[in-house]
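Read the structure below first, then the notes.
Protein chains in written order, with the numbering used here: chain R, 17 to 428; chain S, 17 to 428.
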């Protein structure tokens, strides 16, 4: 007997038939003599519908009331799923954030879980009940309803698995695992059987949308292995877990890309101490997140060229701010480019392999792809290229690192 | 400065524009230096939509989960109204049943309020905030969500008014008060400026659907005067309050009718002690509510004729049960009639006036309307007649008791 936490996303509970399908899967697990906690999201489209309703009332809805509003989506899902389970003869009970005290801070819309009371759930599980929990929502110390941000139900599931010391946390979604790269873009993409928390964090933040980043951080912190799989078939998915020796032998686990950034370059900036801070402070003050930053000596002596990327959605605002600041700092030459993409390779094995970067640059060069910017971390290398080469670059890197071939561990 | 509880029904918050309209009314009241608590129902049609969704999952949804589901309707309303209020510059905060501990018993779908914590609301009111409360919902001792039954938001409003010792409880609806009779049926119908709790209870149970019966019982118990009025205009409505001397001078306050009952007659039933109990027990066991019962000596010696009415929705079931029981009790003659209506006159003044019944019977006789059954209480007389005479009877009684003329008190 194992204690299993299963999370089903919005698509998996998108209509009444799918909810019944989820109920059947849950009962199947229960019948294998397991204890089951199910976490569900709002039915696909419901959260967006509620947000649109709020925006009809006011362009800037109060954050506290927004959480009261959108948390109803998951409330509807848990009630319907518990009804379906009972209708199929199982004992089941739904719980909202306030009922099992999913405690959070008071950051409405992006709250962080601070604690979960496990007694009620454990009592129900020991009594043979299936426990159905509303994802995405919690309460703060003053009993205000809070929500955890987009994809927050993943974090609810992982946090509950941690609180209950569950044997397994299964995240059901509409894809059947984590792939070496986007299968829509590269036909050779291969499903990974295993990936480390750190690799998953890099993959997620680089644009792969399988899991909410925060849920992976939570899983890493409490060492909860996550099994990402599809609710529409019985295939094994991908296990996200602590890295082991075998993983380290794999140099590159995945190739990701991101087309949602734009580049801004400030040329011939007088290079005095503190100039970078002066350039970026107004950008940060406008709540714009800068991703890559590169500073080089300019062709003009005593000057530097600074290039950086921002999300495309903030591009116009950022450009306007930077133009003003640049003028104050003594240069007017600001260039920009929206037609860029970031391609990255991720893998824990990089730490112990020195020539990975060279391999990446060669692979791109062989296809005639010019690299505009480079950024590296311990387990990731990213290059900014012309966006029209994105697909070509992804396929070239996938081939260069032989990601279509199963790893030694997977062959066993 | 007064503390005012206002309740807005589903039609009054039926869309975003109407929610904004309610927000303006609430702020108008607040700006007259009053403290305001607003109770709202689900947007019109939402509760039915949720119930339909549940019935797509299962024909007999679990009652606990049903309450989790339908309580989301009011949650959406309070969030949107609080947003609208804040958008218009007012300080406002929404509360759900669990947040201000609207305690109830555990009778899911028809729970009764047992207590309300007033601290949070009073603190907010004293801080200048408008308090927005979800109607219809509460929590039981184990933190399960409960609902109060159709029209339950009226009861929420009255209970909150009682708990906060409010100066006034205003129920806003789509009619602008309580009328002497149905204006759609009798053009001379007049809005009452005042009506007693007991009269309102009789009117409500007899078919006038302005207020939930339980809210009137609650108001009577805690002596909370209710002001029933329209959210679409500024007219004064009807005050439902404790009866006073002036009210007693009015013999008849209103004429009501009900076409939703059917009549069953059992003829020549051997009249032995306990025979009535034997006849009605199986009906009660089937959860059918019997309204009027009349027993008379039969034309056959030692026998009795028994006639009674049941809701039309239960008519077929009741008829089948009564046919079986009658056979066992020694008679086969069971007659039935679905084409009946109940017309009633209601008024606290009846207690001290002896000839009201005679006046009623004469008025009906003058129009050639035959009375099939009569039932009376302290402040009400009801007659069962052929349903085709309903409109005629209502108008005749309205005329006979001169209900189109304002009372002495109203003329002042």
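The beta carbon of each residue, even a glycine, is placed where N, CA and C say it ideally should be.
Checklist entry - Where residue 226 of chain S and residue 29 of chain R are concerned, what is the direct C-alpha to C-alpha distance, given to the nearest angstrom? => result 39 Å
Checklist entry - Residues in the segment 31-58 of chain R with C-beta within 8 Å of chain S's C-beta atoms, listed in sequence order? => result 32, 35 and 36
Item to check | Test: residue 77 of chain S CB closer than 8 Å to a CB of chain R | outcome: Output row for residue 77 of chain S: interface = yes.
Next on the checklist: To be precise: take each residue of the segment 59-91 of chain S, compare its Cβ to all Cβ atoms of chain R, and keep it if any distance is under 9 Å. Which residues remain?
Outcome noted: 66, 69, 70, 72, 73, 74, 75, 76, 77, 78, 80, 81, 82, 83, 84, 85, 86, 87, 88, 89 and 91
Item to check | Coil, strand or helix - residue 389 of chain S by DSSP | outcome: strand
Next on the checklist: Quick check: what's the CA-CA separation for residue 422 of chain R versus residue 174 of chain R?
Outcome noted: For the pair residue 422 of chain R and residue 174 of chain R, the Cα-to-Cα distance works out to about 28 Å.
Checklist entry - If you follow the alpha helix (DSSP H) that residue 342 of chain S is part of, which residue opens it and which one closes it? => result 331-345
Item to check | Host beta strand (DSSP E) of residue 367 of chain S (start-end) | outcome: It is not in any beta strand (DSSP E) - residue 367 of chain S carries neither H nor E in the DSSP assignment.
Item to check | Beta-bridge partners of residue 188 of chain S, as assigned by DSSP | outcome: S:24 and S:245
Checklist entry - Out of curiosity, what's the CA-to-CA distance linking residue 245 of chain R and residue 255 of chain R? => result 9 Å
Checklist entry - Can you round the beta-carbon distance between residue 228 of chain S and residue 270 of chain S to whole angstroms, since I take them to be within the 8 Å contact cut? => result The Cβ separation is near 18 Å, so there is no contact.
Item to check | Burial state of residue 414 of chain R (16 or more Cβ within 10 Å) | outcome: The residue is buried, with at least 16 neighbouring Cβ atoms inside 10 Å.
Checklist entry - Mind pulling the chain S residues with CB within less than 8 Å of residue 246 of chain R? => result The contacting residues do not exist; residue 246 of chain R stays about 23 Å from chain S at best.
Item to check | Interface residues of chain S facing residue 99 of chain R [CB-CB closer than 7 Å] | outcome: 70, 73, 74, 77, 78 and 81
Next on the checklist: Helix, strand or coil for residue 307 of chain R? Go by DSSP, reduced to three states.
Outcome noted: coil
Item to check | Simplified DSSP assignment, three categories, for residue 96 of chain S | outcome: helix
Next on the checklist: Within the continuous beta strand (DSSP E) that includes residue 120 of chain S, where are the two ends?
Outcome noted: 118-120
Checklist entry - Around the C-beta of residue 130 of chain R, are 16 or more other C-beta atoms found within 10 angstroms, so that it is buried, or is it exposed? => result exposed
Checklist entry - Name the residues in the segment 97-123 of chain R whose C-beta lies less than 7 Å from a C-beta of chain C; which are they? => result Note that chain C does not occur in the displayed structure, where the protein chains are R and S.
Item to check | Range covered by the alpha helix (DSSP H) that runs through residue 67 of chain S | outcome: 62-73
Checklist entry - How about residue 286 of chain R and residue 318 of chain R: are their beta carbons less than 8 Å apart? => result yes
Checklist entry - With DSSP run on the structure shown, which of helix, strand or coil describes residue 327 of chain R? => result strand
Next on the checklist: Which residue wins for smallest C-alpha separation from residue 170 of chain R, given the options R:390, R:235 and R:115?
Outcome noted: R:235
Checklist entry - What does residue 107 of chain R pair with, by DSSP beta-bridge criteria? => result In DSSP, residue 107 of chain R forms no bridge with anything.
Next on the checklist: What ranges does the beta strand (DSSP E) occupy inside the segment 133-216 of chain S, keeping only unbroken runs of at least 3 residues that lie completely in it?
Outcome noted: Runs found: 146-150, 153-155, 161-163, 184-189 and 210-212.
Checklist entry - Interface residues of chain R around residue 372 of chain S at Cβ under 8 Å? => result Those within 8 Å of residue 372 of chain S in chain R number zero; the least Cβ separation is about 51 Å.
Item to check | Where residue 49 of chain S falls: helix, strand or coil (DSSP) | outcome: Correct three-state label for residue 49 of chain S: coil.
Item to check | Neighbour list for residue 21 of chain R in chain S, Cβ cutoff strictly below 9 Å | outcome: Neighbours of residue 21 of chain R on chain S: none; closest Cβ ~20 Å, over 9 Å.
Item to check | Where residue 17 of chain S falls: helix, strand or coil (DSSP) | outcome: coil
Item to check | chain R within 8 Å of residue 149 of chain S, Cβ atoms only | outcome: Closer than 8 Å: no.
Next on the checklist: So residue 420 of chain S contacts chain R; which residues on that side make the cut at Cβ distance below 9 Å?
Outcome noted: Going along chain R, no residue has its Cβ under 9 Å from residue 420 of chain S, so there is no contact; the nearest lies around 43 Å.
Checklist entry - Tell me, which residues are paired with residue 321 of chain R by DSSP? => result Assignment of beta-bridge partners to residue 321 of chain R by DSSP yields R:312.
Next on the checklist: Let me check one thing: in DSSP terms, what residues is residue 360 of chain S bridge-paired to?
Outcome noted: In the DSSP output, where bridge partners are listed per residue, residue 360 of chain S has S:272 and S:398.
Checklist entry - For residue 38 of chain R, which residues from the same chain have a beta carbon less than 7 Å from its beta carbon, with the 5 sequence-adjacent residues on both sides left out? => result If you ignore the 5 residues before and after residue 38 of chain R, its C-beta comes within less than 7 Å of the C-beta of 24, 28, 29, 97 and 247, all in its own chain and listed in chain order.
Next on the checklist: So if DSSP puts residue 286 of chain R in a beta bridge, which residue, or which two residues, is it bridged to?
Outcome noted: Looking at the DSSP assignment, residue 286 of chain R forms a beta bridge with R:319.
Item to check | Where the beta strand (DSSP E) containing residue 13 of chain R begins and where it ends | outcome: With chain R covering only 17 through 428, there is no way to say anything about residue 13 of chain R.
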